[in-house]
């Protein structure tokens with residue numbers, strides 16, 4: 001899932017929304033750690049998500065950017081979502097990668113496991129085991145067009 005070549009917001013547009021999202025992420029408090037952007041088809045959600053992903057990549061906070069397309073097999077398979085997220089996060093931070101590698105070594109057939117097991121073993125447990133990550137700021141994960149998966 002290569003994000004390059006995807007449309008972004010035109011310069012000077014969506015400034016208020018971009019500021020709201022970045023402010024929420026950087027200055028956010030409490031337990032609200034998921035932002036769900038919704039709207040009608042063609043309203044610019046994908047442009048906005050790509051712009052945000054690029055912005056957070058520039059600040060080294062983008063852990064993963066996945067986008068889905070029901071017309072492209074490798075971009076619409078729900079079975080690949082967890083493994084792709086784990087792969088992207090492993091590349092983002094070596095500590096996460098090492099923790100995920102340890103899981104894969106202990107569960108060599110994890111690719112054949114159900115999504116719930118994969119989610120817990122490849123994402124929740126490795127990331128939870130790295131308490132120091134929390135003090136370093138948020139790790140941004142952008143999922144665009146998840147409904148097409």
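Numbering (UniProt numbering), first residue to last: 1 to 149. Just so it is clear, CB atoms sit at the ideal spot from N, CA and C, and this is done for glycine as well.
Endpoints, alpha helix (DSSP H) assigned at residue i
| i | result |
| --- | --- |
| residue 87 | 78 to 92 |
| residue 55 | 45 to 58 |
| residue 24 | 15 to 27 |
| residue 118 | 115 to 118 |
First and last residue of the uninterrupted beta strand (DSSP E) at residue i
| i | result |
| --- | --- |
| residue 141 | 140 to 144 |
Cut-off 6 angstroms between Cβ atoms - residues of its own chain near residue i, not counting five sequence neighbours on either side
| i | result |
| --- | --- |
| residue 75 | 68 and 69 |
| residue 88 | 64 |
| residue 25 | 138 |
| residue 105 | none |
Residues that residue i bridges to, as DSSP identifies them
| i | result |
| --- | --- |
| residue 130 | In the DSSP output, where bridge partners are listed per residue, residue 130 has none listed. |
| residue 65 | 142 |
Contact under 9 angstroms by Cβ, residue i with residue j
| i | j | result |
| --- | --- | --- |
| residue 50 | residue 144 | yes |
| residue 125 | residue 90 | no |
| residue 123 | residue 85 | yes |
| residue 118 | residue 83 | yes |
| residue 17 | residue 48 | yes |
Neighbourhood of residue i by C-beta distance below 8 angstroms, restricted to the same chain and skipping five residues each side
| i | result |
| --- | --- |
| residue 121 | 103, 107, 110 and 113 |
| residue 46 | 6, 7, 67, 144 and 145 |
| residue 44 | 9 and 14 |
| residue 80 | 74 |
| residue 33 | 138 |
| residue 92 | 62, 63, 64 and 139 |
| residue 12 | none |
| residue 148 | 68, 69, 70, 75 and 76 |
Close beta carbons around residue i, own chain, < 7 angstroms, minus the five adjacent residues each side
| i | result |
| --- | --- |
| residue 96 | 89, 90, 126, 127 and 130 |
| residue 54 | 8 |
| residue 21 | 35 and 52 |
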